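Trainee: Quick one: the structure is below, questions incoming.
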Amino acid sequence: MKQTGRAFEDLQQIYRVEHECQHMSDEDRKQYRLEHAKRLLEDLKNCTDNQINILVTPKSLVEKTLYYMIKHWNSLSRYLEEGYLKHDNSKAEQHMRPIALARRNYLFVGSDRRGRVAATYYSLFESCKTLQLTQ
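Each residue of the sequence shown is one higher than the one before, counting from 1 in UniProt numbering.
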C-alpha cells in the first residue's frame, strides 16, 4: 500500500503544479508543467506499471481504473504538450452533471422523439452556458 500512497501524493503534487501555473500564459504554463509535472506523471506511470499485478485485486474498480490509465496514457498526458489544455476534465463533468441528473426526467417526455428533442435542447443550453453566451 506504500505505492498507492505514493500515487496519491504524485496526484496531489500535479494538482499543486496546476494551481501554481493557472495564471500563466499558455507558453509559460507549458514550460512550467514540463519542468514540474512531467517527472510526477512519469513516476505515477512507473508506479502503476510496476505494481498493477502485485497490489491490485483482480477485477476490482481500482484495477479497471489503472488499466484505463495505462491504455489511455498518451491522451491523459497530452496536456503537457500544450499550455492551453487542462490537466483534468472536471469542468466538462460539472457541465454534464445536470444532464446526468435529468436523465430520469426524460422518461416522462412522452416519446422517444420528444426525448431526443429535449436532450438536444438541453445540450445546446449547457453549451451556451459553457461558452458564456447567456445573459
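Glycine included, each C-beta is placed from N, C-alpha and C at the ideal position. All values derive from a computational prediction rather than experimental measurement.
Between the alpha carbons of Ser-111 and Asn-46, how many angstroms are there, rounded?
Mentor: Near 50 Å, if we compare the C-alpha coordinates of Asn-46 and Ser-111.
Trainee: Assuming the contact rule is C-beta atoms closer than 8 Å, Tyr-79 and Lys-86 should be a hit. Round their C-beta distance to whole Å, please.
Mentor: 6 Å between Cβ atoms; contact.
Trainee: Does the Cβ-Cβ distance between Ile-99 and Tyr-121 come in under 7 Å?
Mentor: No; because the gap between Cβ atoms is not below 7 Å, this pair is not in contact.
Trainee: Please report the distance separating the alpha-carbon of Ser-90 from that of Phe-108.
Mentor: About 29 Å.
Trainee: Would you report the Cα separation of Gly-83 and Ser-25, rounded to the nearest angstrom?
Mentor: Taking the straight line joining both Cα atoms gives about 8 Å.
Trainee: My output table needs one value for Phe-108: the three-state DSSP class, helix, strand or coil.
Mentor: The answer is coil: DSSP assigns Phe-108 none of H, G, I, E or B.
Trainee: Hey, would you say Ile-54 sits closer than 7 Å to Leu-66, going by beta carbons?
Mentor: No, these two residues do not count as a Cβ contact at 7 Å.
Trainee: Suppose you measure from the CA of Leu-34 to the CA of Glu-126; what does that come to, to the nearest Å?
Mentor: So the alpha carbons of these two residues sit roughly 33 Å apart.
Trainee: From what residue to what residue does the alpha helix (DSSP H) around Tyr-68 run?
Mentor: Its alpha helix (DSSP H) spans residues 61 to 71.
Trainee: Determine the direct distance from the alpha carbon of Leu-133 to that of Arg-6, and round the result to whole angstroms.
Mentor: So the alpha carbons of these two residues sit roughly 42 Å apart.
Trainee: Are Ala-37 and Val-62 closer than 7 Å when you measure CB to CB?
Mentor: Not closer than 7 Å, so no.
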